[in-house]
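Undergrad: Position in the sequence shown counted from 1, then plus 5, gives you our numbering.
For every residue, glycine included, the Cβ atom is placed at its ideal position computed from N, Cα and C.
Got a structure for you, questions after.
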Amino acid sequence: METVLSPSHSRAISNHPKLSLFRDQAKASSSSNQKICKSSNKFVVYCCKSSEPTIKNGVSRRDTVLFGVAATVATMFPIEGSGADEDIKMAPIVDELNAYSYLIPLELPSKKFAFKWVESRKPERYSSAAPLSPNARLRIVSERVDFIDNLILSITIGPPNPTFLKSTDKSTWAAKDVADSVLSDKSALRVTSSQRMAESSVLDAHTSEIDGEPYWYYEYLVRKSPTKTVQDSNIFRHYLAASVERDGFLYSLNASTLNKQWDMMGPVLEKTVASFRLLPPTENYVPPYKDPWRFW
Numbered sequence: 006m007e008t009v010l011s012p013s014h015s016r017a018i019s020n021h022p023k024l025s026l027f028r029d030q031a032k033a034s035s036s037s038n039q040k041i042c043k044s045s046n047k048f049v050v051y052c053c054k055s056s057e058p059t060i061k062n063g064v065s066r067r068d069t070v071l072f073g074v075a076a077t078v079a080t081m082f083p084i085e086g087s088g089a090d091e092d093i094k095m096a097p098i099v100d101e102l103n104a105y106s107y108l109i110p111l112e113l114p115s116k117k118f119a120f121k122w123v124e125s126r127k128p129e130r131y132s133s134a135a136p137l138s139p140n141a142r143l144r145i146v147s148e149r150v151d152f153i154d155n156l157i158l159s160i161t162i163g164p165p166n167p168t169f170l171k172s173t174d175k176s177t178w179a180a181k182d183v184a185d186s187v188l189s190d191k192s193a194l195r196v197t198s199s200q201r202m203a204e205s206s207v208l209d210a211h212t213s214e215i216d217g218e219p220y221w222y223y224e225y226l227v228r229k230s231p232t233k234t235v236q237d238s239n240i241f242r243h244y245l246a247a248s249v250e251r252d253g254f255l256y257s258l259n260a261s262t263l264n265k266q267w268d269m270m271g272p273v274l275e276k277t278v279a280s281f282r283l284l285p286p287t288e289n290y291v292p293p294y295k296d297p298w299r300f301w
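As structure tokens, this is what we get:
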């Protein structure tokens with residue numbers, strides 16, 4: 006397989022300790038340890054069973070494989086449902102400030118299509134990030150946009166909404182409740198949580214356990230999303246999202262496109278959302294609860 010890893014991506018991966026996303030990909034090479042979690046024909050999440058590492062000279066064999074895979078991680082993935090010969094070139098995005106990673110699509114070679122990403126919001130700490138609602142609970146800590154193709158990838162962080170997630174035991178949280186918790190705080194309008202949720206329709210929600218942590222996946226539509234080129238009220242944005250909890254906050258990756266582009270872009274966004282992982286914090290990590298008064 007051919008890589009498209011840039012020098013900056015290569016350095017970011019090589020320098021990051023135990024990058025769990027690429028560990029999953031390394032373990033995926035063993036078909037006996039791989040399983041595919043699927044709740045619908047459209048949304049597929051890849052996860053691997055845990056395995057015990059073999060330690061030799063202070064370094065686990067799993068970590069050795071990990072760094073070998075990291076050198077060639079930005080590769081070509083087949084897209085299910087869009088033709089057996091369809092591939093996608095992807096590259097890793099690593100944010101050490103908030104300690105997460107995901108894969109971003111770069112090209113669809115068979116269609117001779119290249120994505121045109123712009124980093125509209127550079128990674129920033131939770132205390133200084135832009136709020137998504139008047140109560141400032143949910144905030145965008147980073148975002149990438151393809152303006153030409155109407156694609157958005159955004160990372161949000163916010164505390165769970167106790168209206169939907171009453172228990173402090175996250176192992177008991179249902180994916181639909183997590184989706185409702187996030188979506189209830191996702192509006193710039195001064196409206197109630199129920200009014201915000203009325204703008205959205207959750208199509209699918211399910212849970213997968215990865216590295217011992219529950220990840221909640223959900224698919225939803227958002228109304229009232231006119232664009233400059235299309236003002237039709239029947240044009241919705243189609244979203245896929247993944248959320249995971251750490252330090253009392255929900256970290257979420259939201260990937261969206263216009264519903265009329267879903268047949269082509271949906272499978273691409275599935276790969277991106279499925280790749281979302283929290284990373285082991287480094288010295289650069291800033292937890293959301295730290296210095297809430299600081300805005301720079």
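Distance check for TYR131 and LYS295, CA to CA, integer angstroms please.
TA: Each residue's alpha carbon lies about 9 angstroms from the other.
Undergrad: Could you give the first and the last residue of the continuous alpha helix (DSSP H) run that contains TRP267?
TA: 267-279 is the span of the alpha helix (DSSP H), which, as asked, contains TRP267.
Undergrad: Does the region 162-175 come into contact with the region 109-126, if we say contact requires no fewer than three beta-carbon pairs (one atom in each stretch) closer than 8 angstroms?
TA: No: the two stretches stay apart, fewer than three of their Cβ pairs being nearer than 8 angstroms.
Undergrad: In terms of DSSP beta bridges, what is PHE254 paired with?
TA: ARG251, per the DSSP bridge assignment.
Undergrad: Cutting at 6 angstroms between CB atoms, please list the residues of its own chain near TRP221, excluding the five before and the five after it.
TA: Around TRP221: ALA180, VAL183, THR212 and SER248.
Undergrad: Alpha carbons only, please: which of LYS276, LEU283, TYR244 and VAL227 is nearest the one belonging to ALA254?
TA: Note on residue identity: the sequence assigns Phe, not Ala, to residue 254. Among LYS276, LEU283, TYR244 and VAL227, the Cα nearest to that of PHE254 belongs to LEU283.
Undergrad: List the residues that DSSP assigns as beta-bridge partners of GLU224.
TA: ASP209 and LEU245.
Undergrad: Please classify GLY271 as buried or exposed, where buried requires at least 16 other C-beta atoms within 10 Å of its C-beta.
TA: Buried.
Undergrad: Suppose you measure from the CA of ASP151 to the CA of ILE157; what does that come to, to the nearest Å?
TA: When rounded, the distance between both Cα atoms is 6 angstroms.
Undergrad: Under the rule that 16 or more other beta-carbon atoms within 10 Å means buried, what is THR172, buried or exposed?
TA: According to the sequence shown, residue 172 is Ser rather than Thr. Burial call: exposed.
Undergrad: Let's see if you can read the secondary structure: which residues bound the alpha helix (DSSP H) around VAL187?
TA: First-last of the alpha helix (DSSP H) with VAL187: 180-189.
Undergrad: Between ILE98, TRP122, ASP154 and LYS94, which has its C-alpha nearest LYS265's C-alpha?
TA: The shortest C-alpha separation from LYS265 is found at ASP154.
Undergrad: The beta strand (DSSP E) with GLN151 in it runs from where to where?
TA: A small fix is needed here, since residue 151 is Asp in this sequence, not Gln. Taken as a continuous stretch (DSSP letters only), the beta strand (DSSP E) holding ASP151 covers 144-151.
Undergrad: Taking the alpha carbon of ASP185 as the reference point, which residue from TYR223, GLU214, ASP174 and ILE215 has its own alpha carbon closest?
TA: When each option's Cα is compared against that of ASP185, the closest is TYR223.
Undergrad: Which residues in the same chain have their Cβ closer than 6 angstroms to the Cβ of LEU274, if we skip the five residues on either side of it in sequence?
TA: Around LEU274: LEU245 and ALA260.
Undergrad: Bridge partners of ASP100, per DSSP?
TA: BP columns for ASP100 point to TYR105.
Undergrad: Using only CA atoms, which one of ILE145, ILE240 and VAL207 lies nearest to SER257?
TA: It is ILE145.
Undergrad: Going by CA-CA distance only, name the one from SER125, PRO139 and PHE169 that's closest to GLU148.
TA: Nearest of SER125, PRO139 and PHE169 to GLU148, Cα basis: SER125.
Undergrad: Span of the beta strand (DSSP E) holding GLU124?
TA: Counting along the chain, the beta strand (DSSP E) containing GLU124 begins and ends at 123-126.
Undergrad: Is DSSP giving ASN140 helix, strand or coil here?
TA: The answer is coil: DSSP assigns ASN140 none of H, G, I, E or B.
Undergrad: Go through its chain and collect everything with a Cβ distance to VAL123's Cβ below 6 angstroms, but skip five positions before and after it.
TA: Excluding sequence neighbours, VAL123 sits near VAL150.
Undergrad: May I ask you to list the residues that DSSP assigns as paired with SER261?
TA: For SER261, which the question treats as bridged, DSSP gives the partners ILE157 and TYR244.
Undergrad: Count the other CB atoms within 10 Å of the CB of PHE120; is the residue buried (16 or more) or exposed (fewer)?
TA: Buried, by the Cβ-count rule.
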